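One structure below.
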């Protein structure tokens with residue numbers, strides 16, 4: 004049976020007005036920038052580790068322009084949170100039986116996520132926090148771990164669910180190696196950037 008999300012987590016935007024967008028959202032939502040590098044920024048207005056994220060197309064796609072990016076600027080995806088890793092992975096199994104598969108399975112450090120696209124191509128993230136408290140997740144995004152690997156490492160949800168069903172604690176599966184290999188799918192976000200800037 005399908006497990007509905009427990010809430011709306013965040014929205015990610017693609018933009019060519021990176022600094023203007025950050026300024027606008029900090030003013031309008033009284034948001035704080037928790038992590039920023041040349042390609043990405045993460046903001047929040049409450050105790051959540053991020054409510055908005057922005058991807059700078061001038062950094063990610065420097066050889067294109069607004070005309071080339073028609074359809075790229077705007078919402079990248081909307082994220083929905085789950086209350087447990089078990090809920091996230093059991094939902095994955097149900098959707099898989101219906102022929103609905105994620106296009107990206109990644110542990111971001113702060114969260115473990117499954118990314119899906121609906122029939123129109125709208126992207127969504129189903130996610131669960133990797134930390135037991137919001138304060139720890141908030142500190143991670145604001146700290147050095149996020150700077151070391153802001154994209155994450157991929158994982159196999161079938162493998163994780165098997166381990167979970169065989170008694171591996173969720174906390175063990177959700178441990179993150181920030182120095183692990185950056186995900187090859189979205190790792191291009193960081194290509195060519197000075198690691199000290201990320």
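In the numbering used here, the protein residues as written are 4 to 201. Just so it is clear, CB atoms sit at the ideal spot from N, CA and C, and this is done for glycine as well. Computed from a predicted structure; not experimentally measured.
Given this structure, state the Cα-to-Cα distance separating residue 52 from residue 66, to the nearest angstrom. In a straight line, the C-alpha of residue 52 is about 32 Å away from that of residue 66.
Specify the secondary structure class of residue 67 as computed by DSSP and reduced to three states. Looking at residue 67 - three-state DSSP - the assignment turns out to be coil, as it is neither helix nor strand.
Are residue 37 and residue 29 closer than 8 Å when you measure CB to CB? Between residue 37 and residue 29, the gap from beta carbon to beta carbon reaches 8 Å or more.
State the CB to CB distance for the pair residue 131 and residue 91, rounded to an integer number of angstroms; the pair is presumed to be in contact (CB under 8 Å). Right, the Cβ-Cβ distance comes to about 5 Å (below 8 Å), so this counts as a contact.
Can you say whether residue 104 is buried or exposed, counting buried as having 16 or more other CB atoms within 10 angstroms of its CB? By the neighbour-count rule (16 or more Cβ atoms within 10 Å), residue 104 is not buried but exposed.
Alpha carbon to alpha carbon, how far is residue 168 from residue 195? Give it in angstroms, no decimals. Residue confidence for residue 195 is low, a pLDDT of 42 falling below 50, so the modelled location carries little weight; the figure read from the coordinates is stated next. Taking the straight line joining both Cα atoms gives about 40 Å.
Please list the segments of the beta strand (DSSP E) lying wholly inside the region 30-109, counting only runs of 3 or more residues, in order along the chain. Within the region 30-109, the runs of beta strand (DSSP E) that reach at least 3 residues and sit entirely inside it are, in chain order, 35-39, 43-47, 55-59 and 77-84.
Could you spell out where the beta strand (DSSP E) holding residue 168 opens and where it closes? Under the DSSP assignment, residue 168 falls outside any beta strand (DSSP E), being part of the alpha helix (DSSP H) whose first and last residues are 160-168.
Straight-line gap, residue 199 to residue 100 (C-alpha atoms, nearest Å): With a pLDDT of only 32 at residue 199, under the threshold of 50, the placement of this residue in the model should not be trusted; the figure read from the coordinates follows. Roughly 43 Å separates the two Cα atoms.
Taking only three categories from DSSP, how would you classify residue 148? Of the three classes helix, strand and coil, the one that applies to residue 148 here is helix, per DSSP.
Just to confirm my understanding: we take residue 25, look at its own chain, exclude 5 residues before and 5 after, and list those with CB closer than 8 Å. What are they? Closer than 8 Å at Cβ, skipping near neighbours: 36, 39, 44, 46 and 57.
Taking all protein chains shown into account, decide if residue 197 is buried (16 or more other Cβ within 10 angstroms of its Cβ) or exposed. Low confidence applies here, because residue 197 scores a pLDDT of 36, under 50, leaving its location unreliable; read the following figure in that light. Under this definition residue 197 is an exposed residue.
If you reduce the DSSP assignment to three classes, tell me which class residue 174 lands in. Residue 174 sits in a helix when the DSSP states are folded into three classes.
My output table needs one value for residue 21: the three-state DSSP class, helix, strand or coil. Residue 21: helix per DSSP, three-state reduction.
State buried or exposed for residue 59, treating a residue as buried only when at least 16 other CB atoms are found within 10 Å of its CB. Buried, by the Cβ-count rule.
Rounded separation between residue 193 and residue 154 - CA only: Confidence at residue 193 is low in this model, with a pLDDT of 42, below 50, so the placement of that residue should be treated as unreliable; the coordinate-derived value is given next. Cα atoms of residue 193 and residue 154: separation of roughly 8 Å, rounded to the nearest angstrom.
Indicate the three-state DSSP secondary structure (helix, strand or coil) for residue 115 in the structure shown. Secondary structure at residue 115: strand, using DSSP grouped into helix, strand and coil.
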